[in-house]
Amino acid sequence: MNHEPLLLATPSGDELKLRPEGPWTAANVMTLETLSRSVGGDVDRSRVVTLDMSGISALDTLGAWVLEKLSRRAASSGRSAEFVGVADHFSGLMDEVRQVNRHTPAPAPAPNPVLARLGDLGKSTVGSREDITIFLQMLGALFMAVIGVLRRPRSLRLTSLVYQLYRIGWQAIPIVALITFLIGAIIAQQGFFHFRRFGAESYTVDMVGILVLRELGVLIVAIMVAGRSGSAYTAELGSMKMREEIDALSTMGLDPVDVLILPRVAALVIALPILTFIGSIAALYGGGLVAQFYGDMGPAIYIARLHEAISVTHFEVGILKAPFMALVIGIVACSEGLRVKGSAESLGRQTTTSVVKSIFLVIVLDGLFAVFFASIGM
Amino acid sequence: MDGPQDEFAIRVRDLVVGFGRQTVLDHLSLDVRRGEILGLVGASGGGKSVLMRTIIGLIPRRGGTIEVMGQSAGGDGRGAAMAWGILFQQGALFSSLTVRQNVQFPLRENLVLSQELMDEIAIAKLEMVGLRAEDADKYPAELSGGMTKRVALARALALDPPILFLDEPTSGLDPIAAGDFDVLIKTLQRTLELTVFMVTHDLASLTTVCDRVAALADGKIVAIGPMRELLQSEHPWVRAYFHGKRSQMLQHEMR
Chain L
1 MNHEPLLLAT PSGDELKLRP EGPWTAANVM TLETLSRSVG GDVDRSRVVT LDMSGISALD
61 TLGAWVLEKL SRRAASSGRS AEFVGVADHF SGLMDEVRQV NRHTPAPAPA PNPVLARLGD
121 LGKSTVGSRE DITIFLQMLG ALFMAVIGVL RRPRSLRLTS LVYQLYRIGW QAIPIVALIT
181 FLIGAIIAQQ GFFHFRRFGA ESYTVDMVGI LVLRELGVLI VAIMVAGRSG SAYTAELGSM
241 KMREEIDALS TMGLDPVDVL ILPRVAALVI ALPILTFIGS IAALYGGGLV AQFYGDMGPA
301 IYIARLHEAI SVTHFEVGIL KAPFMALVIG IVACSEGLRV KGSAESLGRQ TTTSVVKSIF
361 LVIVLDGLFA VFFASIGM
Chain A
1 MDGPQDEFAI RVRDLVVGFG RQTVLDHLSL DVRRGEILGL VGASGGGKSV LMRTIIGLIP
61 RRGGTIEVMG QSAGGDGRGA AMAWGILFQQ GALFSSLTVR QNVQFPLREN LVLSQELMDE
121 IAIAKLEMVG LRAEDADKYP AELSGGMTKR VALARALALD PPILFLDEPT SGLDPIAAGD
181 FDVLIKTLQR TLELTVFMVT HDLASLTTVC DRVAALADGK IVAIGPMREL LQSEHPWVRA
241 YFHGKRSQML QHEMR
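Chains L and A are the protein sequences, given in the same order.
Under full-length UniProt numbering, the first residue of the first sequence carries the number 1, and numbering increases by one thereafter.
Under full-length UniProt numbering, the first residue of the second sequence carries the number 1, and numbering increases by one thereafter.
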C-alpha cells in the first residue's frame, strides 16, 4: 500500500490502453491529477480507450471519479471507452460514480456589475424605509406596554428590571467612570496647553465644565452603553429568537415586548441618566486633577472657577438628553435582535448593525437636541 | 496490517470516563468489526454520546485504551480527520458557508487539489447522498432537516474515511425521511465499504440497518450482538428497553 499510484498508457494505432496501478485514493490526489492530465492528449487522439482496472490496490470516490472523468473524456464525440477488470469490491463504487455529475445546472447569469451596484443602492434605500417602520412599530409597542403597566402596575416584570439595572447600570459604573475620567483629564490638559499661549488658562475650567456637562459626558456614556449593553441585548434576543424561545413565549400568550423588551429598555432609560451623572462627575474630577498637577491650579480655585462657569442649566441640558438616547439605543438593540434569522452569521451581522446604528442615531439625536436647546435659549 | 487488528476497526479496552465525581463510563470494552454497522443504544444521559465523543477525542479519558484502525488514538482527535467522518446530531454545518463549501471544507484543509476537481467531487458526494447539484449554492439556513442531515453526511464522507460516526442520524426526521436515510446509510456503507458506528434510539433503524447492536447501561456494554440476540437478552435494562410498550409493535414484526 506504500507505493505511489501509476498510470501506464500503451497506445497502439487508434487504440489506447490505460492501466492505473497502486492506491488511487484521496491521499494521493496531487499525483492523480498530474497523471490524468499527462494522458489527456493521448486520450483525445484515440478512438477506443480501454481502462484496465486490475492493477488498482485501493480506490475511493476521488480516485474513481478521476478515472471516470478520463473515460468520459475518451467517450465524448462518438468515440468509445470501457472499463475492464474491475475488481468485485470496487464495482459498487464505480457504478455509483458513473451516475454522478451527469447533469450540470445552468449557471446563474452573471449580473451586470453596474446594475448590481445600483440594485444594492435601491434595495438599501427601500430597506431604510423599512428600518424606520420597524423603529416606529417598536416605539408604539413599547408605548402600549407602558400603558399596560400603568393600568396594572403588578404586570411590571420587577425582577427582570432590577436584574437588567444591575447588569447595565451597576456593573457598567467602573468602566464608565474610568473612561470619562480619562476624557476629562485629556480635555483639561489640552485646554491648559493651548490656552496658556495667550494667557487664558483659567478659561480651561469653563471649557471643561460646559463641554463635559452639556455634550461629552452624555455622548461618551451613551456610545459606551450602546457598545456594551446594546450589543448584549441584540445578541441575547437574537439567540433567543434562533432557539425559538421567543416563539415559545408568544404561544404561551405572553407578549415578548412585555416580558423581554420593556424591562430591558426601561432599565436603560433609568440607568443612562445615572451613568451620565457619574461619568460627568468623573470627568470633572479628572479635569481637576490635571488642573492641580499640570495647570498649577489648586482644587479650591478649580471649584470656585467651576462654580462661576457652569449653572444648573448646563447640567440639565446634558442629563435631559440621556433618557432619549437610552430609548433609541434600547429600541434599536431590541428590534435588531428580533430580526436575527437562523444562522450564527446573521446574529453577528445584526449585532454589528445594532451598535453602528445606535451610535449613529445617538449622535444625530445629540445634534437635534443642540438645535432645540439653542432655540429655546438653554 | 494482518492479524487480529485487521478484523476490528475500533477497539476500546477498559475505558473510564468521568466528569468531576461522577463516572459515566466504567471500565467499558467494545469492539467494532471492520465493515459492519454497529448500533449503540442506551438510556438518555447514559453515556452513549460520551462514548462516541471519547473515541473521537472530544472528551478526555481517565483510563483505558482506544485503538482505531490498529492505531492507538491519542487524547486529542487531531491527525485523525482522514480516519473518520462524523455526522453530528444537528448536522453542525458551518452556517457561513454554502452547501458546496461545506462539503469542500475537509478536502480544502487536508489535500492539495485543483478547484475544478474539488467542485466535481463536492457535487459527486452531494449526488451520492441523494441531493441535486442545484442545492449546492444554498446556505444551511435554507435547508430542511432531512437535507441538513444529508449535507452533513456528504461532508462527513468528503475524504472517504473508513469509519463513519453517526449521532442519532434519524432523530428529527419523519418516518419516511428516516427510512430513506437508513437505506442511504446502508447503500453508502456497502459502496464505500464503511464501518459505521451509530448512536440511535430509532428501533426501526436498529432492526433494518444495524448488523450488530450494543446496549450501554451502568457505564458498561451489557449486551452486544445481532438484534435477534439482544431481544433474547436477560439483562433487566435491555429487557425493559426492547420489551417496553413502545417496542411491542416491533416485536410482532420480528416474529
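Glycine included, each C-beta is placed from N, C-alpha and C at the ideal position.
Which of helix, strand or coil DSSP assigns to L/THR353 = One-based indexing of the first sequence puts residue 353 of chain L at position 353. Of the three classes helix, strand and coil, the one that applies to L/THR353 here is helix, per DSSP.
L/TRP24 and L/LEU59: beta carbons closer than 7 Å?
-> As a working mapping, residue 24 of chain L is identified with position 24 in the first sequence. As a working mapping, residue 59 of chain L is identified with position 59 in the first sequence. Yes, they are a contact pair.
State the beta-bridge partners of L/LEU16 as determined by DSSP.
-> Locating residue 16 of chain L in the first sequence gives position 16, counting from the first residue. Beta-bridge partners of L/LEU16 (DSSP): L/PRO11 and L/VAL49.
With a floor of 4 residues, list each alpha helix (DSSP H) that falls wholly inside the segment 89-151 of chain A, ordered by position along the chain.
-> Positions of the alpha helix (DSSP H) runs, each at least 4 residues long and wholly inside the segment 89-151 of chain A, are given as 99-110 and 115-128 in order along the chain.
Excluding sequence positions up to five away, which residues of its chain have a Cβ less than 6 Å from the Cβ of A/PRO140?
-> Here residue 140 of chain A refers to the residue found at position 140 of the second sequence. Listed in chain order, the non-local C-beta contacts of A/PRO140 below 6 Å within the same chain comprise LEU93 and SER95, local neighbours out to five positions each way being set aside.
Output the distance between the C-alpha atoms of L/LEU216 and A/GLU109, rounded to the nearest integer angstrom.
-> In the first sequence, the residue the question calls residue 216 of chain L occupies position 216. In the second sequence, the residue the question calls residue 109 of chain A occupies position 109. Approximately 50 Å between the Cα atoms of the pair.
Exposure of L/PRO174, with buried meaning 16 or more beta-carbon neighbours within 10 Å | In the first sequence, counting from the first residue as 1, residue 174 of chain L sits at position 174. L/PRO174 comes out exposed.
In the DSSP assignment, what residue or residues form a beta bridge with A/MET198?
-> Counting from 1 along the second sequence, the entry for residue 198 of chain A is found at position 198. Paired residue(s): A/GLY39 and A/LEU166.
N-terminal and C-terminal residue of the beta strand (DSSP E) that L/THR25 is part of | By 1-based counting over the first sequence, the position of residue 25 of chain L is 25. Element bounds for L/THR25: n/a, residue is neither H nor E.
Residue of L/PRO263, L/VAL97, L/GLN190 and L/THR353 minimising C-alpha distance to L/ARG72 = The residue given as residue 72 of chain L occupies position 72 in the first sequence. Checked all of L/PRO263, L/VAL97, L/GLN190 and L/THR353; the closest Cα to L/ARG72 is L/VAL97.
For L/SER160 and L/ALA317, the rounded distance between their alpha carbons = As a working mapping, residue 317 of chain L is identified with position 317 in the first sequence. As a working mapping, residue 160 of chain L is identified with position 160 in the first sequence. One point to set straight first is that residue 317 of chain L is Val, not Ala, in the sequence displayed. For L/VAL317 and L/SER160, the gap between their C-alpha atoms comes out near 30 Å.
Which listed residue (A/PHE105, A/GLU120, A/GLN89 and A/LYS149) has its alpha carbon closest to that of L/VAL100 | Translated into positions along the first sequence, residue 100 of chain L becomes position 100. Minimum Cα distance to L/VAL100 is reached at A/GLU120.
With 16 other Cβ atoms within 10 Å as the buried cut-off, status of L/GLN164 | Here residue 164 of chain L refers to the residue found at position 164 when the first sequence is read from its first residue. It counts as buried.
List the residues of chain A whose Cβ lies closer than 7 Å to the Cβ of L/SER12, in chain order.
-> As a first step, residue 12 of chain L is located in the first sequence; it is residue number 12 there, counting from the start. Listed along chain A, no residue sits closer than 7 Å to L/SER12 by beta-carbon distance, the nearest being about 29 Å off.
In chain order, which alpha helix (DSSP H) runs of at least 4 residues are fully inside the segment 96-178 of chain L?
-> Within the segment 96-178 of chain L, the complete alpha helix (DSSP H) runs of at least 4 residues are 113-151 and 158-168.
Members of the segment 340-370 of chain L that neighbour chain A once the beta carbon cut-off is set at 8 Å = Under the 8 Å Cβ criterion, the segment 340-370 of chain L contributes LYS341, GLY342, SER343, ALA344, GLU345 and SER346.
Those residues which DSSP pairs with A/GLY18 across a bridge | Taking the second sequence and counting its residues from 1, one reaches residue 18 of chain A at position 18. DSSP lists A/THR23 as the bridge partner or partners of A/GLY18.
For the beta strand (DSSP E) holding L/SER80, just list the boundary residues, first then last.
-> For this step, residue 80 of chain L is matched to residue 80 along the first sequence. 80-84 is the extent of the beta strand (DSSP E) around L/SER80.
Same chain, Cβ closer than 6 Å to L/ALA74, five either side skipped, listed in chain order | Here residue 74 of chain L corresponds to residue number 74 of the first sequence, with the count starting at 1. Setting aside the 5 residues that flank it on each side, L/ALA74 is surrounded in the same chain by VAL43, VAL49 and ALA81, each with a C-beta closer than 6 Å to its C-beta; the list follows chain order.
For A/ALA215, name the three-state secondary structure that DSSP assigns.
-> Locating residue 215 of chain A in the second sequence gives position 215, where the first residue counts as 1. Three-state DSSP puts A/ALA215 in a strand.
How would you list, in chain order, the residues of chain L whose beta-carbon sits under 7 Å from the beta-carbon of A/LEU117?
-> Stepping through the second sequence from its first residue, residue 117 of chain A is reached at position 117. By Cβ distance, chain L contributes GLU33.
Taking the alpha-carbon positions, what's the L/PHE277 to A/ASP135 distance?
-> What you label residue 277 of chain L is simply residue 277 of the first sequence in a count that begins at 1. What you label residue 135 of chain A is simply residue 135 of the second sequence in a count that begins at 1. Annotation: L/PHE277 to A/ASP135 spans about 56 Å, alpha carbon to alpha carbon.
Can you tell me the Cβ-Cβ gap for A/VAL32 and A/ARG61, rounded? I've got them flagged as a contact below 8 Å.
-> In the second sequence, residue 32 of chain A corresponds to position 32, counting from 1. In the second sequence, residue 61 of chain A corresponds to position 61, counting from 1. 17 Å between Cβ atoms; not a contact.
Proximal chain A residues relative to L/TRP170, where beta-carbon distance stays under 7 Å = Numbered from its first residue, the first sequence carries residue 170 of chain L at position 170. Below the 7 Å Cβ cutoff, chain A contributes no neighbours of L/TRP170, its closest Cβ being approximately 32 Å away.
Mark A/LEU216 as exposed unless 16 or more other C-beta atoms lie within 10 angstroms of its C-beta, in which case mark it buried.
-> Within the second sequence, numbered from 1, the residue matching residue 216 of chain A stands at position 216. So A/LEU216 ends up on the buried side.
Find the residues of chain A that neighbour L/VAL97, judging by a C-beta separation of less than 8 Å, and give them in chain order.
-> As a working note, residue 97 of chain L is residue 97 in the first sequence. The contacting residues are ALA124.
Other residues of its chain near A/MET52: CB distance less than 8 Å, five sequence neighbours each side excluded | Here residue 52 of chain A corresponds to residue number 52 of the second sequence, with the count starting at 1. Within the same chain, LEU40, PHE165, ASP167, PHE197 and VAL199 come within 8 Å of A/MET52 by CB-CB distance, once the 5 residues on both sides are set aside.
Close-in-space but distant-in-sequence residues of the same chain around A/SER205 (CB under 6 Å, 5 per side omitted) | Against the second sequence, residue 205 of chain A aligns to sequence position 205. Answer for A/SER205: THR170 and ASP182, listed in chain order.
From this set, A/MET118, A/ASP160, A/THR191 and A/GLY91, which residue's C-alpha is nearest A/LEU143's C-alpha?
-> Against the second sequence, residue 143 of chain A aligns to sequence position 143. When only C-alpha atoms are compared, the closest one is A/GLY91.
C-alpha gap between A/PHE8 and A/MET227, whole angstroms = As a first step, residue 8 of chain A is located in the second sequence; it is residue number 8 there, counting from the start. As a first step, residue 227 of chain A is located in the second sequence; it is residue number 227 there, counting from the start. The alpha-carbon separation between A/PHE8 and A/MET227 amounts to approximately 20 Å.
If we count the other Cβ atoms within 10 Å of its Cβ and call it buried at 16 or more, is L/SER12 buried or exposed?
-> Along the first sequence, read from residue 1 onward, the residue named residue 12 of chain L stands at position 12. With a 10 Å radius around the Cβ and a threshold of 16 neighbouring Cβ atoms, L/SER12 comes out exposed.
Verify the CB distance criterion: does A/GLU7 have a CB-CB separation below 7 Å to chain L?
-> The residue you call residue 7 of chain A lines up with position 7 of the second sequence. So, not an interface residue.
With 16 other Cβ atoms within 10 Å as the buried cut-off, status of A/GLN115 | Along the second sequence, one-based indexing puts residue 115 of chain A at 115. Exposed is the call here.
With 9 Å as the C-beta to C-beta threshold (strictly closer), list the residues of the segment 192-220 of chain A near chain L in chain order.
-> Listed by position, the residues of the segment 192-220 of chain A near chain L (Cβ gap below 9 Å) are LEU192 and GLU193.
Best match in A/GLY64, A/VAL103, A/GLU234 and A/GLY47 for proximity to A/ALA133 [C-alpha to C-alpha] | For the purposes of this step, residue 133 of chain A is identified with residue 133 of the second sequence, where counting begins at 1. Restricting attention to A/GLY64, A/VAL103, A/GLU234 and A/GLY47, the CA atom closest to the CA of A/ALA133 is found in A/VAL103.
Run down chain A in chain order and give the residues with a C-beta less than 9 Å from the C-beta of L/ALA26.
-> Within the first sequence, numbered from 1, the residue matching residue 26 of chain L stands at position 26. Within 9 Å Cβ-Cβ: MET82, LEU107, ASN110, LEU111, LEU113, ILE121, ALA158, LEU159 and ASP160.
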